[in-house]
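Note that the sequence shown ends on residue 165 in the working numbering; no numbers are left out.
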Amino acid sequence: MNNADHNPPDPKEDPKGESKGDPMSVAFAEARAAAARGEVPVGAAIVKDGRVVASAGNRPRELRDPSAHAEMLAIRLACEALDDERLSGCDLYVTLEPCTMCAGAISFARIRRIYYAAHDPKGGAVDNGVHFFDQPTCHHAPEVYGGIRESEAATLLKEFFEGRR
Ligand SMILES: [Zn+2]
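Right, here's the structure in full:
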């Protein structure tokens, strides 16, 4: 079950009261939780048939694992939840444009659509960098919708990095 559909938002976890169970808000809540753990604030949620089946935030520092990006963890959790190595028909919501590694995993997972918030000119691989899904060696390309709640995601990242100086 998707608890977000049934529980009122927790004001402590959700200071802006935005989480109503819509997947991008779930991703933003994961990003804020990541920031609170000292991780770069990126969060992701995976939806199947209108239901959030998995969500995760960045955990590379905590797990000592450079592959523990929000998207990677959410994909693993969704595969586990759906008992499948492919996520056909699933959509991924993420607060930052995916990097090359995550774009590769998204392709292998056969994710149907991705919705992301902030563009990432330095590390993105979808609409920046290698344009992974446009390459002939990419065998499954999702539909891509970027720039959703972009300023909110950009502010979250900016505040995080300013706070670390
Ligand atoms: Zn990544």
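All residues carry an ideal CB built from backbone N, CA and C; glycine is no exception.
query	result
CB of M101 to nearest heavy atom of ligand 1: below 7 angstroms?	yes
Taking the beta strand (DSSP E) that S55 belongs to, which residues open and close that run?	51-57
Output the residue ranges of the beta strand (DSSP E) runs that lie fully inside the region 62-140 and measure 3 residues or longer, sorted by chain position.	90-96, 113-118
For V144, which three-state DSSP category applies?	strand
Is P98 a contact residue of ligand 1, with contact defined as CB to any heavy atom under 7 angstroms?	yes
Considering only DSSP beta bridges, list what K48 is partnered with.	R51, C90
Using only the alpha-carbon positions, how far apart do S107 and H140 sit?	5 angstroms
Is H177 near ligand 1, in the sense that its beta carbon is under 7 angstroms from a heavy atom of that ligand?	Residue 177 cannot be examined here, being either before or after the span of the chain that is shown, 1 to 165.
Anyone know if the C-beta pair for F160 and A81 falls short of 8 angstroms?	no
Skipping 5 residues on each side, what residues in its chain have a beta carbon closer than 8 angstroms to that of G124?	L96, E97, P98, C99
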